[in-house]
Every structure is written in C-alpha cells, then in structure tokens.
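Following: one structure in structure tokens, then a few remarks.
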Amino acid sequence: MLLLTPASFGAFPAQDNLFQTGFWGTFKTACGQQAVFFSAVWTAPDTGREYSFPFMLLLRRTAENGIYAYAPKAPSVSIPEEQKGCLLEELAQAARSWLPDGCICLRFDLAWRSAYIESESVRPEIAGLRMNWGTKTGNLYKAPTNHFCTDTIIINLEPSPEQILSKMRQTTRNCIRRSYRSEIDFRTCGRERLRSWYALYENTAQRKCFYHEGYDYFDRLFSHKHTQENTLHEPPPETAYKPAVKNKRYNSVIPMNAPTPSPQFYILTAEKKSVLLSGIVLALCGRNAYYLYAGSSLEQRELMPNYGLQWEAIRFARSKGCIWYDLMGIPPKGNIKHPMSGLYIFKTGFGGEHVRFCGTWDFPYDSESYRYFCMEEQLSRGHTD
134 MLLLTPASFG
144 AFPAQDNLFQ
154 TGFWGTFKTA
164 CGQQAVFFSA
174 VWTAPDTGRE
184 YSFPFMLLLR
194 RTAENGIYAY
204 APKAPSVSIP
214 EEQKGCLLEE
224 LAQAARSWLP
234 DGCICLRFDL
244 AWRSAYIESE
254 SVRPEIAGLR
264 MNWGTKTGNL
274 YKAPTNHFCT
284 DTIIINLEPS
294 PEQILSKMRQ
304 TTRNCIRRSY
314 RSEIDFRTCG
324 RERLRSWYAL
334 YENTAQRKCF
344 YHEGYDYFDR
354 LFSHKHTQEN
364 TLHEPPPETA
374 YKPAVKNKRY
384 NSVIPMNAPT
394 PSPQFYILTA
404 EKKSVLLSGI
414 VLALCGRNAY
424 YLYAGSSLEQ
434 RELMPNYGLQ
444 WEAIRFARSK
454 GCIWYDLMGI
464 PPKGNIKHPM
474 SGLYIFKTGF
484 GGEHVRFCGT
494 WDFPYDSESY
504 RYFCMEEQLS
514 RGHTD
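The sequence shown maps to residues 134 to 518 in the numbering used here.
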C-alpha cells in the first residue's frame, strides 16, 4: 500500500540526491517545466516494512505538445530487488490522480543500481520481465531512450588524498603531475566567470557535436539559488542546518522537517597566463558531488589541464564534506568508434567505481498515446544520431 501526499517545495525534506531536491524542482519550473512535490509512505508487500521518502515529478511537454510526468533519479529509497517493480507500479497509480488529464505516462529515471553486471547486454524484454516481477499490471516498460547515462564512474572521497591517488591509473597520475608542473592556475569561482566559461563550453559542444544548453539556462542555474532562498522563512534554531566537525570533515544530521539546503554550484577553471584552457561546473548536494558540465580548449592540451582540474574538484568536494563524486556518465566500454570514446578512458582513469543504473522506465497511462510517444522519441533520436 502506498500513500502519496502533496507537499510544497519549502517543506520538501533535505537529501543528497540533487535531482530530487526542492531546488532542482523549482529550477526546472523556472526553465518551463512544472514540478510537483509529494511525500510518499509505502508499505512493502509480504514484509510489511514501511518506507518514507520525498518524491518529485516534473511535467514535461513532448514535441507534439503532449504531457508526460518525469521522475529524475527517483525514487530515492533503497529496497530489495524483488520489490522494485511493485513500488514503481504503486507510485505511478497513486500519482495519476494528481496529474493532468491526458498525461501519457510516468517516466522513472531510476536511482537504483542495475542487477546486471557491466559486461552483460540484456534485451529490454528480458529486463522487463524482471522489473514486472510481482506487479499486478505488468505495465512497466523500458523507455526507448535514457535521459541520464546509465553508466558512470563514482569516486569514493572518504579515503585520504594519497589513497585516492593510489587507485588512479598511472597515466592519470602522471597527467595530474604534468598539469601542476606546467604552473597552470586552478581557480574555484562562481557566476562571475560564467560568460567566459560558457564560451568555452559552447565551443567544445560545437566541436564535438553534442547537445548543449543555452547561456540563459546556466545564468538561471547560478542565480536561482538566491531566488529560492528569498522565498523561504528562516528556520527555527532547533531545525537549523548545522554541520558538525569530525576529523576535519563535515558530517551533518539533517532533521526531516528542516528546509532543504540549496545545492551549491561552482565553476572550476584551469588557466595559463590568463588564457582559459578548461572549466567545469561542479554541484555539491549534501554528501554528493556532481561533475555536471565541462568545456576545454584545444590550446595547450599537452599541459593536461583537464586532469589537474578534476583533481582540484576532488579535493574541493572532499573539503566540503562530500563523500561521493559522480562523474555523470561514460560511453560504452571498448567502442573506439564512439564519438566520446576518449571520455571513457579519461573518466575511468581516476580509479572510481564503474556503476550501472537501471535506466529509464515508463508506466503508460494510455497505451495508444504512449505508442505514438515512443515512435516520436525514436524518430527524434534517429535524426540526431
């Protein structure tokens, strides 16, 4: 049984999952989507165990002006493998009454790790049988495309810097050392460097032919924090977010009724004689750090600025109390023809864990509309590949 209760973003519980925060929901609303916030309480069948978690949906438009609901990196709750399909089914059914008429489906971009190992290639039909195990409707389908990349590298930041370095590939450590010997200036900044960073990012996207957001998107991202914070009341002293210092690291216990602490966004740059060589957008959310966007120049690539910049990001995130650093996606292993094959070598060299997520799954509300929606996505994908 699942109880789904609407909530406001101000009352949305704090958590480490950036994409399920009140901040991300209101930011996406400012970008033209519509966030809907819930508090969920689910009683697992068979065991009777109760799980409570926040749940945020985004209402999005299709190319043909249809509407579907999208749950980014959700649900944020850890449950046994055999119960996952049942929870998704009940969430979709409970959410339907709160969604607009004509909503095509509820799309889950799952935060759960895949049960399949890295080397396995599983047909969607087989994965569907496993996901629908124990459900009443058998109505969960693997989406035609994944919004987030299913595979990524996650670096554990809890060990000492020396231990983190020791897990890296030797060539990666050498490249980091090369960047420091080259006297590159590494800086951590904010919105004041946005325009120069964006020019580099846009140039990189055009050179490598990948989709890129417009400048307004990033301008809104870096300014939205202040807009959101001004709408919240000051928390009472007993619920204020107060990190405690332990072993020179920040660890925090955040009460469930505390206002959501806004994620922090930074621009980290690598420069040589005032020439911008590389830059990334780094997000910090509780214990998690995310490598969101990057741009780099072909100029002086031999100085390895990208490697030193990632080491700076690791050190900075660690100093802020983060214990996990998600490099946010890697291309298929061993496919040297893939346009991003170099990215696989770059990211895996930092010694993190290769993690595969379950990907994107749909619960259709209208089978005919959903069929056309899938065809529309596949055609769109075919034009952009």
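All C-beta atoms, glycine included, are put in the ideal place defined by N, C-alpha and C.
- If only complete runs of 3 or more residues are kept, the segment 182 to 252 shows the beta strand (DSSP E) at 183 to 194, 200 to 205, 238 to 242, in order along the chain.
- Between Leu136 and Ala228, the gap from beta carbon to beta carbon reaches 8 Å or more.
- In this structure, Pro139 sits near Trp231, with a CB-CB distance shorter than 8 Å.
- Per DSSP, the unbroken beta strand (DSSP E) holding Gly412 starts and ends at 408 to 418.
- Arg340 carries a helical assignment under DSSP once its states are collapsed to helix, strand and coil.
- The Cβ atoms of Glu432 and Val408 sit closer than 8 Å to each other.
- From the listed residues Pro213, Gly181, Ala196, Leu151, the smallest Cα separation to Met189 is found for Leu151.
- Shown here, Pro465 sits in coil according to DSSP, grouped into three states, outside any helix or strand.
- Taking 8 Å as the cut-off, the beta carbon of Ser395 is found no closer than this to the beta carbon of Leu442.
- Around the beta-carbon of Pro233, fewer than 16 other beta-carbon atoms lie within 10 Å, marking it exposed.
- Within the segment 281 to 357, complete beta strand (DSSP E) segments of at least 3 residues are found at 284 to 289, 318 to 322, given in chain order.
- Ile478 and Lys466 have their C-alpha atoms roughly 9 Å apart.
- Per the coordinates, the alpha-carbon of Phe171 lies some 19 Å from the alpha-carbon of Lys217.
- Within the same chain, Ile286, Leu460, Ile463 come within 7 Å of Lys480 by CB-CB distance, once the 5 residues on both sides are set aside.
- Residues of the same chain with a CB within less than 7 Å of the CB of Arg448, apart from the 5 flanking positions on each side, are Pro294 in chain order.
- Under the 10 Å beta carbon count, Tyr344 is surrounded by fewer than 16 other beta carbons and is classified as exposed.
- Leu354 is not a Cβ neighbour of Phe186, given a cutoff of 8 Å.
- A straight-line Cα-Cα distance of about 18 Å links Gly484 and Arg311.
- Between Tyr348 and Gly428, the C-beta gap is not smaller than 8 Å, which leaves the two residues out of contact.
- About 7 Å separates the beta carbons of Gln148 and Gly419, which is inside the 8 Å limit, making them a contact pair.
- Beta-bridge annotation (DSSP): Arg489 is paired with Asp284.
- Looking from the CA of Leu298, the closest CA among Pro205, Glu445, Lys269 belongs to Glu445.
- Comparing C-alpha distances from Cys164 to each of His357, Met437, Ala450 shows the shortest one belongs to His357.
- Taking C-beta atoms as the reference points, Gly492 and Thr283 count as a pair closer than 8 Å.
- Per DSSP, reduced to three states, the secondary structure at Leu460 is coil, with no helix or strand assignment.
- If you draw a straight line from the Cα of Pro257 to the Cα of Lys275, it is about 6 Å long.
- Taking 8 Å as the cut-off, the beta carbon of Glu404 is found closer than this to the beta carbon of Arg320.
- Within the model, the alpha-carbon separation for Tyr201 versus Cys238 is close to 5 Å.
- Per DSSP, Ser500 has no beta bridge partner at all.
- Shown here, Ser395 sits in coil according to DSSP, grouped into three states, outside any helix or strand.
- Look at Leu431 here: in three-state DSSP terms it is coil, with no helix or strand label.
- Collapsing the DSSP output to three states places Asn265 in coil.
- Nearest neighbour of Pro178 by Cα position, chosen from Glu197, Ser211, Met134, Ala204, turns out to be Met134.
- In this structure, DSSP gives Phe483 a state outside helix and strand, which the three-state scheme calls coil.
- Per DSSP, Leu442 is one residue of the alpha helix (DSSP H) stretching across 438 to 452.
- Pro292 and Cys455 have their C-alpha atoms some 12 Å from each other.
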